[in-house]
Amino acid sequence: MKNPAALKLAALASVAVFSAFTAFAQDVEDPFADAVETRHGLMLQMATDLGVLGAIAKGEIAYDATAASKAAANVAAIASVLSMAQFPAGSENGTSADSFALPDLWAKQDDFLAKIVDLNNAADAMKTAAATDGDAIKASMAQLGGACSACHKAYRQPES
Ligand code: HEC
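If you use numbering that gives the first Met the number 0, the sequence shown corresponds to residues 0 to 159, in order.
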């Protein structure tokens, strides 16, 4: 290839191939990226809904049966989705990029699953409270918030 334009093209092509390869190599290095992203999305949506319920409990926003019931139903729906499927073995903090899940989650898997059951029960109780009034939501917050923090305390690496 004596033609400089052709040389340049060839160089560009090899850069493109190299970038495609590195993108592929990154995917191969972290096979858990999708699972980590999925669980983060589920957790963040629960945090958003818990925020609505918390604001009602604190009287920061007025009790609204429709908004409260929607938030409680969202948490219950997400709780019912949570399982080991979003927590494949090997996707712990330090191994999988962006993961804050602690290795104990897999070592004590039965307890982790029991904490998912606790979350489902708390979310069901919150659904009843959400259809009642602000005081009922306030009374139900400890159980629901407690279900979140009990699991985080045991199985989530605190962000430093
Ligand atoms: C059964 C265990 C468990 C329960 C219950 C639980 N979480 Fe989590 N949560 C985790 C774990 C583990 C992580 C860390 C996941 C990771 O980084 O890969 C996490 C991470 C999070 C994050 C950070 C997400 C991010 O993008 O880094 C938020 C926000 C969160 N949880 C909110 C909640 C809320 C709100 C509740 C209750 C309504 C809740 N969680 C209940 C286990 C749980």
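For every residue, glycine included, the Cβ atom is placed at its ideal position computed from N, Cα and C.
When the Cα of residue i is compared with those of the options, which residue comes out closest?
i: D109; options: E158, Y154, P30; result: Y154
i: D117; options: A106, A96, A84, A149; result: A149
i: L143; options: A124, D134, F111; result: A124
i: T127; options: M45, P87, P102, A72; result: A72
i: G40; options: P30, G58, I77; result: I77
i: H151; options: L104, D132, A130; result: L104
i: I136; options: M45, Y62, D29, Q44; result: Y62
i: F31; options: F111, M45, G89; result: G89
i: L43; options: V74, E158, A64; result: V74
Going straight from the alpha carbon of residue i to that of residue j, what length do you get?
i: A66; j: A122; result: 15 Å
i: A138; j: D33; result: 36 Å
i: G93; j: F99; result: 8 Å
i: D134; j: K114; result: 26 Å
i: Q156; j: A146; result: 17 Å
i: S79; j: N119; result: 7 Å
i: A141; j: L52; result: 11 Å
i: D132; j: A54; result: 13 Å
i: S82; j: K69; result: 22 Å
i: D29; j: K107; result: 23 Å
i: E91; j: M45; result: 21 Å
Helix, strand or coil for residue i? Go by DSSP, reduced to three states.
i: A135; result: helix
i: A61; result: coil
i: A67; result: helix
i: A106; result: helix
i: G122; result: Here the sequence assigns Ala to residue 122, which means Gly is not the residue at that position. Correct three-state label for A122: helix.
i: A96; result: coil
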